[in-house]
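A.B. asks: Going line by line, the protein sequences match chains D and P. Everything in the first sequence is counted per the numbering used here, starting at 1 for the first residue and increasing by one. Everything in the second sequence is counted per the numbering used here, starting at 1001 for the first residue and increasing by one. Below you'll find the structure I mean.
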Amino acid sequence: MIRLKSSALCRYYRRGNYEIRALDKVDLQIEKGEFLAVVGASGSGKSTLLNLLAGLDTPTSGQIEFDGARLDGLSRRELAAYRGHKVGMIFQTFNLLPYLTALRNVELALYFNQTPARLRREKARMILEKMGLSDRLEHRPADLSGGEQQRVAIARALVKTPEVLFADEPTGNLDKDNARAVAEILSELNRGGLTIVMVTHDSDLARNLAHRIIHMHYGQIVRDNPQASTGEGTP
Amino acid sequence: MTLKDMVDISAGNLWRMKLRTFLTVSGVLIAIAAFVAMLSFGAGNQKYITEEYNRLGLFNTMQVYTRQKTDDSSTAAPLNREAVERLARIPGVRLAYPFDAFSVKAAIGDTMFSSRAQVLPLTAAGTKLYADFAQGRGFESDSAREVILSREFALELAEKFGDSLLGQKFIITTTVPSLDSALAGLLTEERRAFWDRLKNVRFDSLVNADYRRSLLRREANELFRNFADGYFGHQAVLTDTLTVVGILDRHSMGRALAEPLLVSEKTARELNAGGFGTDPADIVAALQQGAFFYPDDYAAGKNYSRVTLDIDPYMTHDKVKDSVEAMGFRTFSFAEQFAEMKRFFLYFNLGLGIIGFIALLTASLGIANTMIMAIIERRREIGILKSLGADEREIKILFLAESGVIGLMGAVLGIIFGWAISRVVSLAVKIFMEKQGVEPFELFSLPLWLILTALFFGVMVSLLAGYYPASRAARVNPVEALRSE
């Protein structure tokens, strides 16, 4: 079953007299439960593709479908609802709010998807405990290690039970051990049925985790390699 | 996201930026405090005047005056006893009584001073104007040999005689010239002087108009001189000793001014027996009113400068006014005066409000600046919130809530601060009033409408100031925001 599909997806930027083609006529299908890795050099358009699929950006032309429903025609408000309910995102720089505790950071994701206030705290606590952070609930990001921060970010993305998880260089800022731990978490989530789209520079990580790897170059998919993941979750 | 969530997040954000929030809130606080202090001054004065009008029953009081000869009507109706009786019969008029005052010399012990006395009929003593006493009571009868003091006069005397004025004996003296002796003066001119002047008349020149005029002027002057010699040269001194029985419990106000001494009708009649005083003002008034020679009956031929009407509170003032004016008199209505004053207070409050509002607008620039700075600093945070599913409306409301919370805090603290300022100024003014011998009254008032208006303006102006920055925040591109440092 196709979870996400893009057809002739384009994203152009204008810089003065120049037009930058960040993404150019990308056709892509992502199956439900698939772990897709998007690799490529800097500026190849991987993050642009991820932002478009996650509903953070809107295409210049082309179509995106989520479970058969078009995303490209949605209003900004409907796109926000899509981000709030259907997808979760994790970033290389974690993007946690520095002044909130781990618990409050995770809870924040539930503010925008109509979760009743009385359930928010409990859900956030449970997911953080699952991530092995039960003793870090009241810590602020500055008091957490990089790996712990990324685990909080993953908890924040998962707390709203998304159908797709978008990960933008999730291990880019982590040391080897923490990167391995995060990779294991992602692998386990995928084994649990979660569709994951991961952008990475790290070919090994992609090879070890993903069912399929697409290579991007100058805004286009130049190679699409289905592969049998090792499933080990180790980079 | 509930309203509580938004306020929680906003309050948390403001708390993180304590110093900036404090400075921004201070701007609103000062503006609202100025707004509240100034308007509470207007409200306080309005409240004081309204209460005084109510207390004195001025809303039910109308003054009636004779029309000036220069008015459109050449036939100014006299304001005499008959007119007072007719005025009392107008539907809606509960009571009509004249203002009758004369000059006296009063003495307590060996202290003598010139003053004015006013006749207070027993019927008028029942009206609110004269019903309340700071000390003592009213007259027991229209023939009581008693005197009531106005509040101002009592305060003046208290400096000399202390507060125990009740029971003091006042010796009231009037000097009443005799019209009989004045007329006698005309007749008793020495014959020789008259014959001497007659001898000097040039009868052959009487055909000359200028000569005739000069002759008439000379004789008229002689007549008036003889009349004045007789009038002022044979004055009767009338004295009565009256006991102070009451001190009015009010300050006189405008046209409801009471004379320093209030005496009964009988006392007034006795002190005015045979004529009026030697006060030039009385003489001029009597001449103007055509009442220089009035009969022996004290009240019958007397013309009054004004008559006070006590009107049924359920009666329309305009109807009474029309009836009075149809009788050929002028009117002065305290209710109309109050309406004018209300209009004045409206403009006054509006003026003060505009000054306060300008201060608030200045503070709003501070809010706008704070919010714009916040958006620049929190671009990444906006991106994160959007990636979590916040839509533009929610981002806008989040930032609007922050400016609203600034406005609310500034308004609440400003109201408290403004109230505190008004208390301090009020205390200082009261001390000053007391030192100046004026009975202190409350200058400031903080009615509910003022509190609500200040809250409304504080929050509304802050929201308006925050609207543009909030809209900018809502439009932030999440992709760019997430990339920003």
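Here a beta-carbon is modelled for each residue, glycine too, at the ideal position from N, C-alpha and C. For clarity, every value in this text was computed on a predicted model and none was experimentally measured.
Can you name, in chain order, every residue of its own chain whose Cβ lies under 8 Å from the Cβ of Thr101 of chain D, other than the five neighbours on each side?
C.D. replies: Along the first sequence, read from residue 1 onward, the residue named residue 101 of chain D stands at position 101. Counting only Cβ-Cβ distances below 8 Å, and skipping sequence neighbours, we find Leu137, Glu138, His139, Arg140.
A.B. asks: Helix, strand or coil: which one does DSSP assign to Thr230 of chain D?
C.D. replies: Mapped onto the first sequence, residue 230 of chain D falls at position 230. In this prediction, Thr230 of chain D scores a pLDDT of 49, lower than 50, which makes its location untrustworthy; no coordinate-derived value is stated.
A.B. asks: To which residues does DSSP link Pro1098 of chain P through a beta bridge?
C.D. replies: Here the question's residue 1098 of chain P lines up with position 98 in the second sequence. Answer by DSSP bridge pairing, in chain order: P:Val1307.
A.B. asks: Taking the C-alpha atoms as reference points, what is the distance between Val1207 of chain P and Phe1227 of chain P?
C.D. replies: For the purposes of this step, residue 1207 of chain P is identified with residue 207 of the second sequence, where counting begins at 1. For the purposes of this step, residue 1227 of chain P is identified with residue 227 of the second sequence, where counting begins at 1. Distance between the alpha carbons of Val1207 of chain P and Phe1227 of chain P is about 29 Å.
A.B. asks: Starting from Val1424 of chain P, follow its DSSP beta bridges and name the residues at the other end.
C.D. replies: Taking the second sequence and counting its residues from 1, one reaches residue 1424 of chain P at position 424. In DSSP, Val1424 of chain P forms no bridge with anything.
A.B. asks: Please state if the CB of Glu1259 of chain P and the CB of Ala1101 of chain P are separated by a distance shorter than 8 Å.
C.D. replies: Position 101 of the second sequence, counted from the first residue, corresponds to residue 1101 of chain P. Position 259 of the second sequence, counted from the first residue, corresponds to residue 1259 of chain P. It is a contact, given that the beta carbons lie within the stated cut-off.
A.B. asks: Please classify Glu232 of chain D as buried or exposed, where buried requires at least 16 other C-beta atoms within 10 Å of its C-beta.
C.D. replies: The residue you call residue 232 of chain D lines up with position 232 of the first sequence. Summary for Glu232 of chain D: the model assigns pLDDT 48, below 50, so the residue's position carries little reliability; its value from the coordinates is reported in the next sentence. Counting Cβ neighbours within 10 Å, Glu232 of chain D comes out exposed, since fewer than 16 surround it.
A.B. asks: Please list, in chain order, the residues of the segment 1371-1400 of chain P that have any C-beta partner in chain D closer than 8 Å.
C.D. replies: Result list: Arg1380, Glu1381, Gly1383, Ile1384, Leu1385, Lys1386, Ser1387, Leu1388, Gly1389, Ala1390, Asp1391, Glu1392, Arg1393, Glu1394.
A.B. asks: Taking the alpha-carbon of Leu1238 of chain P as reference, which of P:Val1176, P:Val1025, P:Asn1200 has the nearest alpha-carbon?
C.D. replies: One-based indexing of the second sequence puts residue 1238 of chain P at position 238. Looking at the Cα atoms, P:Val1176 is the closest of the given residues.
A.B. asks: From this set, P:Ser1445, P:Ala1481, P:Phe1170, which residue's C-alpha is nearest Lys1386 of chain P's C-alpha?
C.D. replies: Walking along the second sequence from the start, residue 1386 of chain P turns up at place 386. Of P:Ser1445, P:Ala1481, P:Phe1170, the residue nearest in Cα terms is P:Ala1481.
A.B. asks: If we define contact as Cβ-Cβ less than 8 Å, is Asn173 of chain D a contact residue for chain P?
C.D. replies: As a first step, residue 173 of chain D must be located in the first sequence, where it is residue number 173. Not one chain P Cβ lies under 8 Å of Asn173 of chain D.
A.B. asks: Ordered along the chain, which non-local residues of its own chain (more than five positions away) have a Cβ less than 8 Å from that of Ala1077 of chain P?
C.D. replies: Counting from 1 along the second sequence, the entry for residue 1077 of chain P is found at position 77. Here the set comprises Thr1066, Arg1067, Ala1083, Met1327, Gly1328, Phe1329.
A.B. asks: Any contact between the segment 1199-1213 of chain P and the segment 1134-1150 of chain P? By contact I mean 3 or more CB pairs, one from each, below 8 Å.
C.D. replies: Counting Cβ pairs under 8 Å, fewer than three are found: no touch.
A.B. asks: Looking at the unbroken alpha helix (DSSP H) that takes in Asp202 of chain D, where does it start and where does it end?
C.D. replies: Residue 202 of chain D sits at position 202 when you count from the first residue of the first sequence. Premise fails: Asp202 of chain D is in no alpha helix (DSSP H) and is neither H nor E.
A.B. asks: Count the other CB atoms within 10 Å of the CB of Lys1321 of chain P; is the residue buried (16 or more) or exposed (fewer)?
C.D. replies: The count along the second sequence starts at 1 and reaches residue 1321 of chain P at position 321. So Lys1321 of chain P counts as buried.
A.B. asks: If you reduce the DSSP assignment to three classes, tell me which class Asp27 of chain D lands in.
C.D. replies: By one-based count along the first sequence, residue 27 of chain D stands at place 27. In this structure, Asp27 of chain D counts as strand in the three-state DSSP scheme.
A.B. asks: If you reduce the DSSP assignment to three classes, tell me which class His85 of chain D lands in.
C.D. replies: Mapped onto the first sequence, residue 85 of chain D falls at position 85. Helix at His85 of chain D.
A.B. asks: Please report the straight-line C-alpha distance between Pro170 of chain D and Leu103 of chain D, rounded to a whole angstrom.
C.D. replies: To locate residue 170 of chain D, count along the first sequence from 1; it is residue 170. To locate residue 103 of chain D, count along the first sequence from 1; it is residue 103. Taking the straight line from one Cα to the other gives about 20 Å.
A.B. asks: Going by CA-CA distance only, name the one from P:His1317, P:Met1341, P:Leu1346, P:Ser1323 that's closest to Ser1333 of chain P.
C.D. replies: As a first step, residue 1333 of chain P is located in the second sequence; it is residue number 333 there, counting from the start. Answer by Cα proximity: P:His1317.
A.B. asks: Counting along the chain, where does the beta strand (DSSP E) carrying Lys1342 of chain P start and finish?
C.D. replies: Here the question's residue 1342 of chain P lines up with position 342 in the second sequence. Counting along the chain, Lys1342 of chain P falls outside any beta strand (DSSP E), though it belongs to the alpha helix (DSSP H) covering 1334-1377.
A.B. asks: Curious, which full-length beta strand (DSSP E) runs of at least 3 residues does the segment 1191-1248 of chain P contain?
C.D. replies: As far as the segment 1191-1248 of chain P is concerned, its whole beta strand (DSSP E) runs of at least 3 residues are 1235-1248.
A.B. asks: Rounded to whole angstroms, what is the Cα-Cα separation between Leu1248 of chain P and Ile1090 of chain P?
C.D. replies: Against the second sequence, residue 1248 of chain P aligns to sequence position 248. Against the second sequence, residue 1090 of chain P aligns to sequence position 90. Answer to the nearest angstrom: the Cα atoms are 29 Å apart.
A.B. asks: CA-CA distance, Ala1125 of chain P and Phe1338 of chain P?
C.D. replies: What you label residue 1125 of chain P is simply residue 125 of the second sequence in a count that begins at 1. What you label residue 1338 of chain P is simply residue 338 of the second sequence in a count that begins at 1. So the alpha carbons of these two residues sit roughly 24 Å apart.
A.B. asks: Sorted by chain position, which residues of the same chain lie with C-beta nearer than 8 Å to Gly62 of chain D's C-beta, five sequence neighbours on each side aside?
C.D. replies: Within the first sequence, numbered from 1, the residue matching residue 62 of chain D stands at position 62. Excluding sequence neighbours, Gly62 of chain D sits near Ser6, Ser7, Ala8, Leu9, Cys10, Lys25, Val26, Asp72.
A.B. asks: Is the beta carbon of Leu1029 of chain P closer than 8 Å to that of Gly1356 of chain P?
C.D. replies: Taking the second sequence and counting its residues from 1, the one referred to as residue 1356 of chain P is at position 356. Taking the second sequence and counting its residues from 1, the one referred to as residue 1029 of chain P is at position 29. It is not a contact, given that the beta carbons lie outside the stated cut-off.
A.B. asks: State the DSSP-derived secondary structure class of Pro1177 of chain P, mapped to helix, strand or coil.
C.D. replies: Within the second sequence, numbered from 1, the residue matching residue 1177 of chain P stands at position 177. The answer is strand: DSSP assigns Pro1177 of chain P an E or B state.
A.B. asks: Let me confirm a value: Lys123 of chain D is counted as buried when at least 16 other C-beta atoms fall within 10 Å, else exposed. Which label applies?
C.D. replies: The residue you call residue 123 of chain D lines up with position 123 of the first sequence. Buried, by the Cβ-count rule.
A.B. asks: Can you confirm whether Val1479 of chain P, when its beta carbon is compared against all beta carbons of chain D, has any partner nearer than 8 Å?
C.D. replies: Counting from one through the second sequence, the residue named residue 1479 of chain P turns up at place 479. For Val1479 of chain P, the answer is yes, since a Cβ of chain D falls inside 8 Å of its Cβ.
A.B. asks: Does any residue of chain P bring its CB to less than 8 Å from the CB of Asp24 of chain D?
C.D. replies: Along the first sequence, one-based indexing puts residue 24 of chain D at 24. Asp24 of chain D does not count as touching chain P.
A.B. asks: Answer with buried or exposed for Ala1490 of chain P, where buried requires no fewer than 16 other C-beta atoms within 10 angstroms of its C-beta.
C.D. replies: In the structure displayed, chain P extends from 1001 to 1485; residue 1490 of chain P sits before or after that span and is not available.
A.B. asks: Which complete alpha helix (DSSP H) runs does the segment 105-133 of chain D hold, if anything under 4 residues is left out?
C.D. replies: The qualifying runs are 117-130.
A.B. asks: In chain D, which residues lie with their C-beta within 7 Å of the C-beta of Thr1002 of chain P?
C.D. replies: As a first step, residue 1002 of chain P is located in the second sequence; it is residue number 2 there, counting from the start. Going along chain D in sequence order, the residues near Thr1002 of chain P (Cβ under 7 Å) are Ala117.
A.B. asks: What are the residues of the segment 56-71 of chain D that lie near chain P, defined by any Cβ-Cβ distance shorter than 9 Å?
C.D. replies: Here the close residues are Leu56, Asp57.
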